[in-house]
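Let me begin by presenting the structure, written as structure tokens, before commenting on it.
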Amino acid sequence: MPKDLDRQSTTKENLPSTGTDSDSSADANANHAGPKDESAAPPPGRPSPSPGRLRSSVTNMWSGLMRSFSSDSTGFPTQSTNHNSASTDHSSTSSSLFQLPPLDPVELRGYKASTEPSARLLTSALAEEIRTLIPERMKLVDEWDLIFSLAQDGASLGTMYSRARAYDRATRAGFVIVVRDSSGGTFGAYLSEYPHPAPSYFGNGECFLWRATTVRDNSLPSQSSLPPPPSSDTTNLTYSRSTTVSSGGGGGGGGDAHHPPTTLRFKAFPYSGLNDFFMNCEASFFSIGSGGGHYGLWIDSGLLRGYSFNCETFGNEPLSEQGESFNILSVELWAIGK
């Protein structure tokens with residue numbers, strides 16, 4: 001079982017010493033000063049500064065210089081001495097330093113021309129929703145490759161494992177599994193490693209579960225067509241939002257009337273931190289998330305039947321509208337990166 005490793009780092013401040021170094025510096029200056037000039041003695045009532053006060057002054061001087069150098073090296077704006085000028089715009093400076101360029105749209109590659117649009121589980125709109133939650137390094141990848149599709153490769157978990165094995169040495173790749181149940185519900189998971197049979201759990205906290213529902217905008221959605229609210233015992237935060245997408249209908253003059261725009265309702269369940277039961281795969285099943293005797297998502301070897309329970313790993317609700325047990329209509333596995 002993977003465990004986080006505590007990493008500690010220590011740093012040294014390159015600050016001048018305030019002890020004997022100052023004394024030796026002062027003594028050295030005194031040795032090079034030559035014979036004393038009585039006329040240069042301080043006037044009565046203003047005694048010479050004590051060695052302790054000299055050390056304090058030197059320390060303050062060095063501290064001020066170090067703060068100035070540190071401030072300059074960080075690149076932060078300094079305050080202007082011109083009182084008539086406007087104050088520095090810190091937000092614009094931060095924006096110019098850290099703002100990333102807009103990402104290119106996701107390109108889905110791997111569907112065969114013979115695969116009907118209705119048999120394609122992952123859409124560009126859904127891919128963009130999933131993209132918002134994957135690791136930052138994965139967001140830069142705009143080409144997602146279809147590794148396995150039940151519609152194109154047959155109903156076999158073993159085939160999915162064998163096709164995913166091509167990524168066994170991919171250190172900078174992520175994976176998305178998409179499931180459609182017999183009622184038309186679409187859900188799945190983001191995987192930090194490629195799925196493969198293993199003797200123990202693997203993966204990390206980048207994994208998450210998700211579900212998506214598409215509703216028509218020309219009528220109020222029924223309660224059953226929306227993702228249900230989180231269970232009362234769900235303690236971790238979930239992510240959800242709605243996105244209006246254009247219809248996938250034809251392009252005739254009356255297309256908008258027959259195919260009104262739809263709203264994609266997307267909800268994700270990130271890692272809760274309660275346990276490390278991420279991915280558990282065997283030849284007879286695939287699963288992700290566990291705890292309390294239940295799997296977050298479980299699929300059998302024939303890709304015919306699955307289960308989804310509330311689990312501690314992600315604090316999720318059942319992903320399928322059919323309940324904790326569902327019949328599988330199709331499955332896809334996608335790779336992000338190589």
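Numbering-wise (the UniProt record's numbering), the sequence shown opens with residue 1 and increments by one.
Idealized CB from N, CA, C, for every residue including glycine.
By DSSP, does ALA127 sit in helix, in strand, or in coil? helix
Bounding residues of the beta strand (DSSP E) (the contiguous stretch that carries THR186): 186-191
Could you compute how far the alpha carbon of ASP300 sits from the alpha carbon of GLN99? 44 Å
Buried/exposed call for LYS112, threshold 16 Cβ in 10 Å: exposed
Can you look up SER287 in the DSSP assignment and give me helix, strand or coil? strand
Between the stretch 318-332 and the stretch 142-153, do at least 3 Cβ pairs fall closer than 8 Å? At 8 Å Cβ cutoff, the stretches touch.
Return the Cβ separation of GLY158 and GLU321 in integer angstroms, given the expectation that the two are a contact with Cβ distance under 8 Å. Contact doesn't hold; Cβ gap of about 28 Å is too wide.
Rounding to the nearest angstrom, what Cα-Cα distance links SER325 and TRP210 in this structure? 17 Å
For ASP153, does the three-state DSSP call read helix, strand or coil? helix
Just grab the DSSP bridge partners of CYS281 for me. PHE286
Euclidean distance between Cα positions of LEU274 and CYS311: 10 Å
Suppose you measure from the CA of LEU319 to the CA of TYR161; what does that come to, to the nearest Å? 23 Å
Let's see if you can read the secondary structure: which residues bound the beta strand (DSSP E) around GLU332? 325-336
Whole-angstrom Cβ separation of GLY293 and VAL179, contact assumed at under 8 Å? GLY293 to VAL179, Cβ: 22 Å. No contact.
Buried or exposed for PRO270, going by 16 or more other Cβ atoms inside 10 Å? buried
Residue burial classification, GLY154 (beta-carbon count within 10 angstroms, cutoff 16): Counting other Cβ atoms within 10 Å of its Cβ, GLY154 stays below 16 and is therefore classed as exposed.
Can you check which of these residues, LEU297, SER272, PRO105, is closest to ILE177 by C-alpha distance? LEU297
Can you tell me whether DSSP reads GLY306 as helix, strand or coil? strand
Three-state secondary structure (DSSP) of GLU107: In this structure, DSSP gives GLU107 an extended state, which the three-state scheme calls strand.
Using a Cβ-Cβ cutoff of less than 8 Å, which residues in the same chain neighbour TYR167 once the five nearest sequence positions on both sides are dropped? Contacts found: ILE147, ALA173, PHE175, TYR194, ALA335, LYS338.
Identify whether LYS139 lies in helix, strand or coil by the three-state DSSP scheme. Three-state DSSP puts LYS139 in a helix.
Smallest Cα separation from ASP145: which of ARG163, PRO199, SER284, PRO117? ARG163
Answer with buried or exposed for ARG169, where buried requires no fewer than 16 other C-beta atoms within 10 angstroms of its C-beta. exposed
Span separating the alpha-carbon of PRO199 from that of MET279: Straight-line spacing of the CA atoms in PRO199 and MET279 works out to 11 Å.
Just grab the DSSP bridge partners of ASP300 for me. PHE285
Looking at the unbroken beta strand (DSSP E) that takes in LEU209, where does it start and where does it end? Unbroken beta strand (DSSP E) run through LEU209: 208-216.
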